[in-house]
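A.B. asks: According to numbering that gives the first Met the number 0, the stretch in the sequence shown is residues 0 to 305, in order.
Just so you know, even glycine gets a beta-carbon here, dropped at the ideal spot from N, CA and C.
Remember, predicted model here, so these are calculated numbers, not experimental data.
Mind having a look at this structure? Questions to follow.
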Amino acid sequence: MILTAGLSPAWQQVLRFDGFCVDQVNRARDVHWCASGKTTNAALASWEMGADVKMLTIIGGNTGRDFRRHIESIGLPSHWVPGLTETRICTTVVDQQKSTTTELVQNSPSIDAEELQCFVDAFVVESRRASTIVLSGSLPAGTPAGFFASLLAGTSAKAILDIRGHELLETLSYTPFVVKPNLDELRLTLQKDLKDTAEVLAAMQLLNERGAQWVIVTDGSRPFFVSSLNVVYRVHPLATSVVNPIGCGDCFTGAFAAAIDRQETVESAICLGVAAATDSARGFLPADLKKERVQKLQKRVQLEEM
Numbered sequence: 000m001i002l003t004a005g006l007s008p009a010w011q012q013v014l015r016f017d018g019f020c021v022d023q024v025n026r027a028r029d030v031h032w033c034a035s036g037k038t039t040n041a042a043l044a045s046w047e048m049g050a051d052v053k054m055l056t057i058i059g060g061n062t063g064r065d066f067r068r069h070i071e072s073i074g075l076p077s078h079w080v081p082g083l084t085e086t087r088i089c090t091t092v093v094d095q096q097k098s099t100t101t102e103l104v105q106n107s108p109s110i111d112a113e114e115l116q117c118f119v120d121a122f123v124v125e126s127r128r129a130s131t132i133v134l135s136g137s138l139p140a141g142t143p144a145g146f147f148a149s150l151l152a153g154t155s156a157k158a159i160l161d162i163r164g165h166e167l168l169e170t171l172s173y174t175p176f177v178v179k180p181n182l183d184e185l186r187l188t189l190q191k192d193l194k195d196t197a198e199v200l201a202a203m204q205l206l207n208e209r210g211a212q213w214v215i216v217t218d219g220s221r222p223f224f225v226s227s228l229n230v231v232y233r234v235h236p237l238a239t240s241v242v243n244p245i246g247c248g249d250c251f252t253g254a255f256a257a258a259i260d261r262q263e264t265v266e267s268a269i270c271l272g273v274a275a276a277t278d279s280a281r282g283f284l285p286a287d288l289k290k291e292r293v294q295k296l297q298k299r300v301q302l303e304e305m
């Protein structure tokens with residue numbers, strides 16, 4: 000079973016415009032709402048890939064109620080930790096004329112010690128039957144940087160981490176199976192410019208040496224790298240018509256986790272992750288993907304051993 004856990008869900012508003020102009024009144028062609036955030040998108044992707052998955056997150060207020068209703072309508076198994084503050088709202092602006100997507104992010108509300116302990120208690124219970132754990136998303140203000148590391152201390156499950164900064168570095172002593180920052184997050188985490196491929200690969204190897212079994216560093220639609228202490232791959236994303244790229248990296252994580260939990264190879268899991276990200280990018284809403292389409296796309300993904 001996959002346990003996908005995080006502290007920063009979002010009730011997502013997606014606005015579609017025929018054309019969007021800054022400093023002018025803009026009227027949306029249509030508006031949609033959905034449950035989102037890194038943890039949610041990853042869990043939905045695993046679920047669509049047929050995995051036995053459960054999401055653990057914290058929600059509160061009217062937006063949290065709407066979030067829960069949406070997830071329950073889909074049928075994704077979830078453990079809800081009640082929060083004292085409203086679940087945040089994030090907004091995506093899709094400009095069809097310019098083929099651009101702009102994301103307006105509200106930071107997650109702070110969580111008090113009692114709420115955090117409730118989350119930890121729930122994690123302890125749910126992780127007992129998990130063979131794979133996905134931890135993702137940012138930490139709310141005031142949450143200790145070692146929070147994710149403290150969760151890993153109590154489990155022997157394979158850990159897939161889509162996190163960054165000090166919270167990522169704190170987890171490395173627990174030898175996570177995969178860490179997956181994007182390129183900008185890797186720069187932030189190591190406080191390095193990483194101006195060329197050689198510097199990026201050296202930074203990835205540093206994370207491997209410090210404990211990460213595999214490091215995946217994505218870079219939008221550009222080729223990206225995957226490394227262990229023994230092998231390095233260059234991966235070529237699939238060319239596609241992008242409608243909304245928000246959540247694509249999360250869908251990579253969720254599909255990758257689904258494959259790993261089925262005991263597939265890392266190489267196969269990478270290909271499934273790329274295919275899931277591609278299918279998500281084609282949709283208007285985040286994590287709106289279908290298993291049949293993803294499986295067809297998976298056959299086209301190429302890995303190049305370096």
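1. Put E85 into one of helix, strand or coil per three-state DSSP.
2. Would you say L83 and D120 are within 9 Å of each other, going by their C-beta atoms?
3. For C33, list the residues DSSP reports as bridge partners.
4. Round the Cβ separation of V123 and G153 to the nearest angstrom and send it over; I've been treating them as touching at under 8 Å.
5. Please report the distance separating the alpha-carbon of I58 from that of P76.
6. Pull up the distance between the alpha-carbon of G282 and that of S35, whole angstroms please.
7. I'd like the ranges of any beta strand (DSSP E) spanning at least 3 consecutive residues and lying wholly in the stretch 73-120.
8. Mark N40 as exposed unless 16 or more other C-beta atoms lie within 10 angstroms of its C-beta, in which case mark it buried.
9. For I320, which of helix, strand or coil comes out of DSSP?
10. In the DSSP assignment, find the alpha helix (DSSP H) that holds K295 and state where it starts and stops.
11. V300 and V265 - do their beta-carbons sit closer together than 9 Å?
12. Are L115 and V52 closer than 9 Å when you measure CB to CB?
13. Would V178 and L193 be called neighbours here (beta carbons separated by less than 9 Å)?
14. For L187, which of R209, V199, G164 and N207 has the nearest alpha-carbon?
15. Starting from M0, follow the alpha helix (DSSP H) in both directions and report where the run begins and ends.
16. Run through DSSP, which three-state label would I215 get?
17. Which class does N207 belong to by DSSP, given the choice of helix, strand or coil?
18. Assign L55 to one of three DSSP states: helix, strand, or coil.
19. With a threshold of 7 Å on Cβ separation, who are the neighbours of R28 within its own chain once the five nearest residues in sequence on each side are excluded?
20. A238: buried (16+ other C-beta within 10 angstroms of its C-beta) or exposed?
21. Output needed for V230: all residues of its chain with C-beta closer than 6 Å, excluding positions within five of it in sequence on either side, in chain order.
22. Ignoring anything shorter than 4 residues, give me the alpha helix (DSSP H) runs that lie fully in the stretch 190-277, in order along the chain.
23. Let's test the definition: count the other Cβ atoms within 10 Å of the Cβ of R87 and tell me whether it reaches 16, buried, or not, exposed.
24. Check whether the stretch 131-143 touches the stretch 95-109, counting contact only when three or more Cβ pairs, one atom from each stretch, lie closer than 8 Å.
25. DSSP has L160 in a bridge; who is on the other side?
26. Please report the Cβ distance between T100 and E85, rounded to the nearest whole angstrom; I am assuming they are in contact, meaning their Cβ atoms lie under 8 Å.
C.D. replies: Answer, in terms of the structure:
1. As a working note, residue 85 is residue 86 in the sequence shown. The answer is coil: DSSP assigns E85 none of H, G, I, E or B.
2. On the sequence shown, residue 83 is found 84 positions in, with the first residue counted as 1. On the sequence shown, residue 120 is found 121 positions in, with the first residue counted as 1. It is not a contact, given that the beta carbons lie outside the stated cut-off.
3. As a working note, residue 33 is residue 34 in the sequence shown. DSSP output for C33 lists Q11 as bridge partner(s).
4. In the sequence shown, residue 123 corresponds to position 124, counting from 1. In the sequence shown, residue 153 corresponds to position 154, counting from 1. Correct: roughly 6 Å between the Cβ atoms.
5. One-based indexing of the sequence shown puts residue 58 at position 59. One-based indexing of the sequence shown puts residue 76 at position 77. Spanning the two alpha carbons is a distance of roughly 15 Å.
6. Stepping through the sequence shown from its first residue, residue 282 is reached at position 283. Stepping through the sequence shown from its first residue, residue 35 is reached at position 36. When rounded, the distance between both Cα atoms is 14 Å.
7. 77-81, 88-94 and 99-103
8. For this step, residue 40 is matched to residue 41 along the sequence shown. Label assigned to N40: buried.
9. It is not possible to answer for residue 320, since the shown part of the chain is limited to 0 through 305.
10. Residue mapping note: residue 295 aligns to position 296 of the sequence shown, counting from 1. Counting along the chain, the alpha helix (DSSP H) containing K295 begins and ends at K290 to Q297.
11. Translated into the one-based positions of the sequence shown, residue 265 becomes position 266. Translated into the one-based positions of the sequence shown, residue 300 becomes position 301. Cβ atoms of V265 and V300: not closer than 9 Å.
12. To locate residue 115, count along the sequence shown from 1; it is residue 116. To locate residue 52, count along the sequence shown from 1; it is residue 53. No. Outside cutoff.
13. Translated into positions along the sequence shown, residue 178 becomes position 179. Translated into positions along the sequence shown, residue 193 becomes position 194. Not a contact, by the Cβ cut-off of 9 Å.
14. For the purposes of this step, residue 187 is identified with residue 188 of the sequence shown, where counting begins at 1. The shortest Cα separation from L187 among R209, V199, G164 and N207 belongs to G164.
15. Along the sequence shown, one-based indexing puts residue 0 at 1. First-last for M0: undefined, no H or E at that position.
16. Along the sequence shown, read from residue 1 onward, the residue named residue 215 stands at position 216. Strand.
17. For the purposes of this step, residue 207 is taken as the residue at position 208 of the sequence shown. It is helical.
18. The count along the sequence shown starts at 1 and reaches residue 55 at position 56. Here L55 sits in strand by DSSP.
19. Counted from its first residue, the sequence shown places residue 28 at position 29. If we look at R28 and ignore the five residues flanking it on each side, its Cβ neighbours are R15, F16 and D17.
20. Working through the sequence shown from its first residue, we reach residue 238 at position 239. Exposed, by the Cβ-count rule.
21. Residue numbering aside, residue 230 sits at position 231 when the sequence shown is read from its first letter. If we look at V230 and ignore the five residues flanking it on each side, it has no Cβ neighbours.
22. 196-209 and 247-260
23. Taking the first residue of the sequence shown as 1, we reach residue 87 at position 88. With 16 or more other Cβ atoms within 10 Å, it is buried.
24. yes
25. For this step, residue 160 is matched to residue 161 along the sequence shown. Answer by DSSP bridge pairing, in chain order: L134 and V178.
26. Numbered from its first residue, the sequence shown carries residue 100 at position 101. Numbered from its first residue, the sequence shown carries residue 85 at position 86. Not a contact, Cβ separation roughly 25 Å.
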